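Asker:
Numbering (this note's numbering), first residue to last: 11 to 298.
Below is the structure:
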């Protein structure tokens, strides 16, 4: 059952759409940052090649630190608007591959055929796992694509605390990793993004029973994230908002939180979605 659901997901139009959107986001950021911003004399950042040109021209590069990949991809800078676009659309991207599949199976009557051949519990667990995995992969694709694409243009040198063009200071979470072990910092945030993407995807499963069309299922995590962000801002609890947790540029909002508490919140959300989806659907028929 797991392999069957996984094949359905990988061959579906939703996964291809998420892949295409990820490429567009990565290419858009590459164009805006690497092609436009880095070549702007007022940009405040120069590439290593431009530094060499300045030296050959007899000009001083004292105090100038070249751009690096960790502050030069979609998850590492805010000079362009692409970081905001990516994390704004992330809940939708996560749902695209398989988030609406349960609603579609039930709405088309296909689910009845599955329940005849397989136990309901097996189907529900497999559906949840595949949806979670696909959501995590889809959510992380723009992050990875942008890093790989920009790495062709920007060097993979360590960020420098004395440089004035990074967005992480000593008070931010994991700042020591950012400056000393930047690849580890990149990997931890990729894991957080993928886990949050999985939560958003499975959140769509949890509302499938109350939906009348697939558009509601697809956009519910997006609307939930925006609403949660607004309410948290009013209540001054921004440090618990998913968009602040998974965006490396928003570490200012979660300052003081340990990574243990962040992962505890994420895994609690995973268990809550799993319990709600599996337990509820084991004992119900469609109610709308």
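Built from N, CA and C at the ideal position, the CB exists for glycine as well. Remember, it's a predicted structure, so these values are computed and weren't measured experimentally.
#1: Cβ atoms of residue 148 and residue 106: under 8 Å apart, would you say?
#2: Look up residue 303 in the DSSP assignment and say whether it is helix, strand or coil.
#3: Less than 8 Å between the beta carbons of residue 203 and residue 158, yes or no?
#4: Can you check which of these residues, 163, 21 and 235, is closest to residue 213 by C-alpha distance?
#5: Does the ligand ATP have a heavy atom nearer than 7 Å to the CB of residue 194?
#6: So, under 8 Å CB-CB, residue 11 and residue 132 are touching, yes? Tell me the CB distance rounded to an integer number of Å.
#7: Assuming residue 271 and residue 97 form a contact by the criterion Cβ under 8 Å, report the distance between their Cβ atoms to the nearest whole angstrom.
#8: Is the region 213–228 in contact with the region 113–121, if contact means three or more CB pairs nearer than 8 Å?
#9: Taking 8 Å as the threshold, find out whether the region 182–196 comes into contact with the region 236–253 through three or more Cβ pairs.
#10: On the premise that residue 285 lies in contact with residue 205, defined as a C-beta separation below 8 Å, what is that separation, rounded to the nearest angstrom?
#11: Expressed to the nearest angstrom, what Euclidean distance is found between the alpha-carbon atoms of residue 278 and residue 267?
#12: Alpha carbon to alpha carbon, how far is residue 33 from residue 155?
#13: So which of 86, 20 and 189 has the shortest CA-CA distance to residue 260?
#14: Using a Cβ-Cβ cut-off of 7 Å (strictly less than) and excluding sequence neighbours within five positions of residue 249, which residues of its own chain qualify?
#15: Compute the Euclidean distance between the alpha carbons of residue 225 and residue 14, then round it to the nearest angstrom.
#16: Buried or exposed, going by whether 16 or more other CB atoms sit within 10 Å of the CB of residue 81?
#17: For residue 228, which residues of its own chain have a beta-carbon under 6 Å away from its beta-carbon, when the five flanking residues on both sides are left out?
#18: Taking buried to mean at least 16 other C-beta atoms within 10 Å of its own C-beta, is residue 19 buried or exposed?
Answerer: Based on what the coordinates show:
#1: Contact: yes.
#2: Outside the modelled stretch of the chain, which goes from 11 to 298, sits residue 303, for which no answer is possible.
#3: Not in contact: residue 203 and residue 158 (Cβ atoms no closer than 8 Å).
#4: Residue 213 has its Cα closest to that of 235, out of 163, 21 and 235.
#5: Here there are no bound small molecules, and the ligand ATP is not part of this structure.
#6: At roughly 5 Å, the Cβ-Cβ gap stays under 8 Å, so residue 11 and residue 132 are in contact.
#7: Contact flag wrong, Cβ pair sits at about 20 Å.
#8: The region 213–228, when compared against the region 113–121, does touch it at the 8 Å Cβ threshold.
#9: No contact exists between the region 182–196 and the region 236–253.
#10: Not confirmed; about 17 Å, so no contact.
#11: Their Cα atoms are separated by approximately 16 Å.
#12: Rounded to the nearest whole angstrom, the CA to CA distance from residue 33 to residue 155 is 7 Å.
#13: Of the candidates 86, 20 and 189, the one whose C-alpha sits nearest the C-alpha of residue 260 is 86.
#14: Beyond the five residues adjoining it in sequence on each side, residue 249 comes within less than 7 Å, by CB distance, of 263, 264 and 267 in the same chain, given in chain order.
#15: When rounded, the separation of the alpha-carbon atoms in residue 225 and residue 14 is 24 Å.
#16: Flag for residue 81 reads buried.
#17: Annotation for residue 228: 105 and 110 place their beta carbon closer than 6 Å to its own, counting only its chain and skipping 5 residues before and after.
#18: With 16 or more other Cβ atoms within 10 Å, it is buried.
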